[in-house]
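The structure appears right after this line, and notes come after that.
Number of protein chains: 2
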Amino acid sequence: GKFGERWFDICKAYSVDVKAIDVEWGHAVSPEAVEKALNEDPKIKAVYIQASETSTGIYHPVKEIADIIKTRENTILIVDAITALGVVDLPQDEWCLDVVLTGSQKALMLPPGLAFASLSDKAWGFVEKSTLPRYYFDFKKEKKSLGKNQNAYTPNVQLIVGLREILKEIKEEGLEKVFERHGSLANATRLAVQAMGLKLYTVDEPSNALTAVWAPEGIDAGKITKLIREKYGITIAGGQDAAKGRIFRIAHLGYAGCFDVITAISALEAVLKELGYKFELCSGLKAAQKALFGE
Amino acid sequence: GKFGERWFDICKAYSVDVKAIDVEWGHAVSPEAVEKALNEDPKIKAVYIQASETSTGIYHPVKEIADIIKTRENTILIVDAITALGVVDLPQDEWCLDVVLTGSQKALMLPPGLAFASLSDKAWGFVEKSTLPRYYFDFKKEKKSLGKNQNAYTPNVQLIVGLREILKEIKEEGLEKVFERHGSLANATRLAVQAMGLKLYTVDEPSNALTAVWAPEGIDAGKITKLIREKYGITIAGGQDAAKGRIFRIAHLGYAGCFDVITAISALEAVLKELGYKFELCSGLKAAQKALFGE
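Chains as they are written, first to last, in the working numbering: chain A, 553 to 847; chain B, 553 to 847.
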């Protein structure tokens, strides 16, 4: 997906010698492909992966890939968990994830402005040896400042204050309940769009953070997202890059609740009807209702 | 000062071949020294400067240095205007400043989280040719997105909304009035501390954003800032790096008004008295009062 490709572009920008494992959009990477690449070139220092690939709605097999990497001394696993952390369980220490990254604006339910990185001891060893150019994003400097309970540079103070409140809320709900809620919302959304005769874009395991769906034959996905926003004030996302115009994406992470799914499916039904898609009205809602509240 | 040294460190971090013009802390750089350096090495691509050097309270002669650089085709002037923009007049086009930078948390009166860069046509030419590594801070990508009235990446939305309000406020007050107000607050602060028998840290032109002052002989500046914060809830800054423990710094930019100066001077008098400094109580306040409100 787009964000997998971005890892590649970022490495390239810093002259890192990088090898991409090409995966068709909508598919997950296979752990075997990662293992094969590492066996072919044992000098590979880091494997970059998205846990939840937001552009395609795929959940990549993070645990299985971590199992391959954890025994290799010279390789670390760097996980973009931006739309995964706080949505699904990603136990960093237990699974041996070396770097886990997220942002404030997804499951942490804050405005954009904070990025988070959590490093394993193995990853800290790599930081010590790294010679790539950086100034403000220098983990060594940040670690030194954290030791004094400070930031190396002026932080986004108001978001840190907000974060404390969010973490209290998450703690109160309980992580297991949070993961369960997201799983249930994702399941209801997937069943609802399929009941409407639509096809999921994700071929392999879908991410619980969002649902990516093929637009019906002959209807531009951009028209769906535009109409749903302009007419009903509801924002769903279109496709990016290779999937542009072909898919739409419904998010259900963070503070989303069951009635957000009901609302999104209801509006989607209204808009698809208006755009001439033939389906049984209320079929999506019925499936969502059943999935969320039982029969 | 510290931020001048930071330009040097940032260049070094990116393997830029960089030459520092050493200036004693508390002094401004002389335009002649810049001209000499440029004449000695006409291949120098960029001159980096702080307009207001926050660590020492100095205002560097930006206009005079810009006059030297503007006729040189192969050199641009990059101005860190973080505590200067919105405090003093820095007409970018008129003075031929090639890159002007600021942040949201100073004269723009917002929380930290936004950085601003404004580039001249000459600077855009340099961007086109630059090969230094970068990904997220890529001006070319941002320019392309700006053309579509978008950001290249997820921006700090809530601060941009806040910025619109702040800019309305500044427009309403009028830039000239804003500069006048800061000049008046700076003048009152400088006169007040000098009336208390204290010495300004700035040897050359002081910045109107803040006033840097030598702590009295025998009193650690850290004690002054600590006591004033703990006892009166007023935050003034200590010295950084070379000036640590030796100076304190009173800010008067952004939304500061005349009674912020009165409050700061009053608290400073109380704290210095407590720490055993001999001076005439109310001498600072009297000078500030006179400067702010006339006789």
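Glycine included, C-beta positions come from ideal geometry on N, C-alpha and C.
Check	Outcome
Beta strand (DSSP E) runs contained entirely in the stretch 638 to 662 of chain B, provided each spans 3 or more residues	651 to 655
Whole-angstrom distance between H579(B) and A598(B), CA atom to CA atom	22 Å
Backbone CA spacing between L837(B) and F555(B) [nearest angstrom]	31 Å
Inter-residue spacing [alpha-carbon to alpha-carbon] between Y566(A) and D690(B)	12 Å
Residue from A589(A), D561(A), I610(A), D593(A) whose Cα sits closest to the Cα of R742(A)	I610(A)
Same chain, Cβ closer than 6 Å to D650(A), five either side skipped, listed in chain order	I628, L629, S672, K674, A675
contact_flag[the stretch 599 to 607 of chain B, the stretch 754 to 771 of chain B] where n(CB pairs < 8 Å) is 3 or more	yes
Where A565(B) meets chain A, residues with beta-carbon distance less than 7 Å	P685, R686, Y687
P664(B) classed as buried or exposed, judged by whether at least 16 other C-beta atoms fall within 10 angstroms	buried
8 Å Cβ cut-off: residues of chain A touching G774(B)	Simply none; closest approach about 15 Å.
Neighbour flag for Q702(B) against chain A, beta carbons, 9 Å	no
Contact with chain A by G893(B), beta-carbon distance below 9 Å	Nothing in the structure corresponds to residue 893(B), since chain B is present only between 553 and 847.
Boundaries of the beta strand (DSSP E) in which W577(B) is found, first to last residue	Element bounds for W577(B): n/a, residue is neither H nor E.
Cutoff 6 Å; reference I817(B); Cβ partners in own chain excluding five residues on either side	A744, G836, L837, A840
Buried versus exposed, by CB contacts within 10 Å (16 or more), Y600(B)	buried
With 16 other Cβ atoms within 10 Å as the buried cut-off, status of T683(B)	exposed
Residue from V640(B), F845(B), E717(B), E724(B) whose Cα sits closest to the Cα of E732(B)	V640(B)
For F668(A), the residue or residues it bridges with in DSSP	T654(A)
Whole-number beta carbon distance between I780(B) and L752(B), since they are thought to touch under 8 Å	So it is not a contact: roughly 18 Å between Cβ atoms.
Own chain residues within Cβ distance below 8 Å of I573(A), not counting five before or after	V581, A585, V586, A589
Local Cβ density within 10 Å of V844(A), reported as buried at 16 or more and exposed below that	The sequence given here has Leu at residue 844(A), not Val. With 16 or more Cβ atoms within 10 Å of its Cβ, L844(A) is classed as buried.
With 16 other Cβ atoms within 10 Å as the buried cut-off, status of L698(A)	exposed
Near-chain B residues of the stretch 703 to 725 of chain A - C-beta to any C-beta below 8 Å	T706, P707, N708, V709, Q710, L711
Chain B within 9 Å of D793(A), Cβ atoms only	no
Neighbour-count burial assignment, Q657(A), 16 or more Cβ in a 10 Å radius	buried
Nearest neighbour of M661(B), chosen from Q644(B), L637(B), E680(B), D561(B) [CA to CA]	L637(B)
heavy atom of the ligand SAM below 8 Å from G556(A) C-beta	This structure lacks the ligand SAM; in fact it carries no ligand of any kind.
DSSP three-state assignment for Q746(B), whether helix, strand or coil	helix
Cβ pair V670(B), Q702(B) closer than 9 Å	First, the amino acid is wrong: residue 670(B) is Ser here, not Val. Against a cut-off of 9 Å, the Cβ pair of Q702(B) and S670(B) comes out as no contact.
Span separating the alpha-carbon of K564(A) from that of A740(B)	53 Å
Within chain A, partners of I562(B) - CB distance below 9 Å	Y687, Y688
Where Q657(B) meets chain A, residues with beta-carbon distance less than 9 Å	T706, V709
Y600(A) in three-state terms, based on DSSP	strand
Partner residues on chain A for P664(B), Cβ-Cβ distance less than 7 Å	T706, P707, N708, V709
Cβ pair G659(A), G806(A) closer than 9 Å	The sequence as given places Ala at residue 659(A); Gly does not occur at that position. Yes, they are a contact pair.
Terminal residues of the beta strand (DSSP E) in which R801(A) lies	799 to 803
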